[in-house]
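> Here it is: the structure, laid out below.
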Amino acid sequence: AQSVTQLGSHVSVSEGALVLLRCNYSSSVPPYLFWYVQYPNQGLQLLLKYTTGATLVKGINGFEAEFKKSETSFHLTKPSAHMSDAAEYFCAVSGQNFNKFYFGSGTKLNVKP
Amino acid sequence: GAVVSQHPSRVICKSGTSVKIECRSLDFQATTMFWYRQFPKQSLMLMATSNEGSKATYEQGVEKDKFLINHASLTLSTLTVTSAHPEDSSFYICSASILAGSYEDEQFFGPGTRLTVL
Numbered sequence: 015a016q017s018v019t020q021l022g023s024h025v026s027v028s029e030g031a032l033v034l035l036r037c038n039y040s041s042s043v044p045p046y047l048f049w050y051v052q053y054p055n056q057g058l059q060l061l062l063k064y065t066t067g068a069t070l071v072k073g074i075n076g077f078e079a080e081f082k083k084s085e086t087s088f089h090l091t092k093p094s095a096h097m098s099d100a101a102e103y104f105c106a107v108s109g110q111n112f113n114k115f116y117f118g119s120g121t122k123l124n125v126k127p
Numbered sequence: 221g222a223v224v225s226q227h228p229s230r231v232i233c234k235s236g237t238s239v240k241i242e243c244r245s246l247d248f249q250a251t252t253m254f255w256y257r258q259f260p261k262q263s264l265m266l267m268a269t270s271n272e273g274s275k276a277t278y279e280q281g282v283e284k285d286k287f288l289i290n291h292a293s294l295t296l297s298t299l300t301v302t303s304a305h306p307e308d309s310s311f312y313i314c315s316a317s318i319l320a321g322s323y324e325d326e327q328f329f330g331p332g333t334r335l336t337v338l
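Residue numbers (our numbering), protein chains in the order written: chain A, 15 to 127; chain B, 221 to 338.
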């Protein structure tokens, strides 16, 4: 069975500050891990994913995430927040069949001027 | 990226009526479509997986007679909430994939449909 926990339903940072959104997972099989972003009234957009290979994954809009198996974590970071980053972010895990995604409850990122 | 649309974006209905939600892949053919349900401040929860031309596979605890899924073509899947009740009020999101089961695959999500049952 797989599950995802996102710590912090709301995160607020100042523009230019580091963004850190936390995601921990549990999985009985080697996981595939994803971060999605959702802007108001829009669908989920893939930011990045980890399947195999390098554990530090770079995505769109300057985001990156590191798969740490020992910590069962896949935290999302961005060195410098931009106002346009304000959105809701979802972490997700799937098994290697890719067909079933399990989502975290989401973290709303607020960026202050 | 690939675009998935949903219609309607919002629907309000009376208890006991049925509501149909459409999910379309606009610029690609989707071998597999997925239906999720999202309660306020909660995760998206997978309801069912549908492949074109075959019966949907429902997740445990999802009533297949209540949530009818039809995947008639490679670009259209529909979810019908039958005899809707207030507890069915939720945000329904669909997604579509091209190469389900491949590590090259990606799920493309629709914008969601807000269902309110009075």
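No residue lacks a Cβ here, since even glycine has one placed at the ideal position from N, Cα and C.
1) Can you find a C-beta in chain B that's less than 8 Å from the C-beta of Q56 of chain A?
2) Could you say if the segment 58-72 of chain A and the segment 222-240 of chain B meet the contact criterion of at least three C-beta pairs nearer than 8 Å?
3) Since T252 of chain B and N271 of chain B are thought to touch, with beta carbons under 8 Å apart, how far apart are those beta carbons, to the nearest angstrom?
4) How many angstroms separate the CA atom of Y103 of chain A from the CA atom of T121 of chain A?
5) Which two residues bound the contiguous beta strand (DSSP E) that contains F328 of chain B?
6) With a floor of 3 residues, list each beta strand (DSSP E) that falls wholly inside the segment 260-326 of chain B, ordered by position along the chain.
7) For V337 of chain B, go through chain A and note every residue whose CB falls closer than 8 Å to its CB, in chain order.
8) Touch check for the segment 227-240 of chain B and the segment 248-262 of chain B: three-plus C-beta pairs under 8 Å?
9) With respect to the beta strand (DSSP E) encompassing H24 of chain A, which residues constitute its N-terminal and C-terminal limits?
10) How far does the beta strand (DSSP E) with T121 of chain A in it reach, from first residue to last?
11) Are L288 of chain B and T277 of chain B touching if we call contact CB-CB under 8 Å?
12) With V18 of chain A and F117 of chain A assumed to form a contact (beta carbons below 8 Å), what rounded beta-carbon distance in angstroms separates them?
13) What's the gap between the Cα of L266 of chain B and the Cα of E279 of chain B?
14) Which partner residues does P225 of chain B have in the DSSP bridge list?
15) Have a look at T66 of chain A and P44 of chain A and give me their C-alpha separation to the nearest angstrom.
16) Leaving out the 5 sequence neighbours to the left and right, which residues in its chain are closer than 8 Å to L338 of chain B when beta-carbon positions are compared?
17) At least one CB of chain B closer than 8 Å to the CB of L60 of chain A: is that the case?
18) Hey, how far is the Cα of V125 of chain A from the Cα of S309 of chain B?
Working from what's here:
1) It does: the Cβ of Q56 of chain A has a partner Cβ on chain B nearer than 8 Å.
2) no
3) The Cβ separation is near 5 Å, so the contact holds.
4) 5 Å
5) That run of the beta strand (DSSP E) goes Q327 to F329.
6) 264-271, 287-293, 296-301 and 310-317
7) Near V337 of chain B there are no residues of chain A at all, since even the closest Cβ is about 21 Å away, more than 8 Å.
8) no
9) If you look at H24 of chain A, you'll find it in the beta strand (DSSP E) that goes H24 to S28.
10) T121 to K126
11) no
12) 6 Å
13) 7 Å
14) Here the sequence assigns Ser to residue 225 of chain B, which means Pro is not the residue at that position. Residue pairing by DSSP places S225 of chain B opposite B:R244 in a beta bridge.
15) One C-alpha to the other measures close to 9 Å.
16) I232, C233, K234, S235 and P306
17) yes
18) 31 Å
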